[in-house]
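Adding 108 to a residue's 1-based position in the sequence shown gives its number in the working numbering.
We treat Cβ as the ideally placed atom computed from N, Cα and C, and that holds for glycine.
All values reported here derive from a predicted model rather than from experimental measurement.
Quick notes on the structure that follows.
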Amino acid sequence: MIKEYIVRLFRVVLTDEQEEKLIQYLFGKVDEISDLNSLKNLILDYLMNTLGLKPTLTFSNDNSDLEQMLKLIKVKAEKDEK
């Protein structure tokens, strides 16, 4: 599910393995994710510095993809803590 968000937001296609590693990275950084901008910056950092990709951030007034991704990460992190 997160792969689709990454394609829409950054025009980057991830493999299943890359998606899983990104998810694990974000779960490890959940305390640093305070808002949509911090989430976007963490994803950009991971795509560029860890995967060596050159994403193109799509600018749009619709942040629903990021909002959904943020909710997914927070819910998963809460479940993992229990």
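> Is it right to say Met177 is buried, meaning 16 or more other beta carbons lie within 10 angstroms of its own, or is it exposed?
Replying inline: Buried, by the Cβ-count rule.
> Who are the near neighbours of Leu180 in its chain, counting only those whose CB is closer than 8 Å to its CB and skipping five residues on each side?
Replying inline: Setting aside the 5 residues that flank it on each side, Leu180 is surrounded in the same chain by Met109, Ile110, each with a C-beta closer than 8 Å to its C-beta; the list follows chain order.
>> Could you tell me the alpha carbon to alpha carbon distance between Ser146 and Glu125, rounded to whole angstroms?
In response: 23 Å
>> Judging by CA-CA distance, which residue of Lys129, Asp139, Ile151 is the nearest neighbour of Asp173?
In response: Ile151
>> Report the CB separation of Asn171 from Leu134 in whole angstroms; it is logged as a contact under 8 Å.
In response: A Cβ-Cβ separation of about 17 Å leaves Asn171 out of contact with Leu134 under the 8 Å criterion.
>> Less than 6 Å between C-beta atoms, sequence neighbours within five positions excluded: which residues of the same chain meet that for Lys137?
In response: Leu150
>> Just verifying my parser: in three-state terms, what is the DSSP assignment at Arg116?
In response: helix
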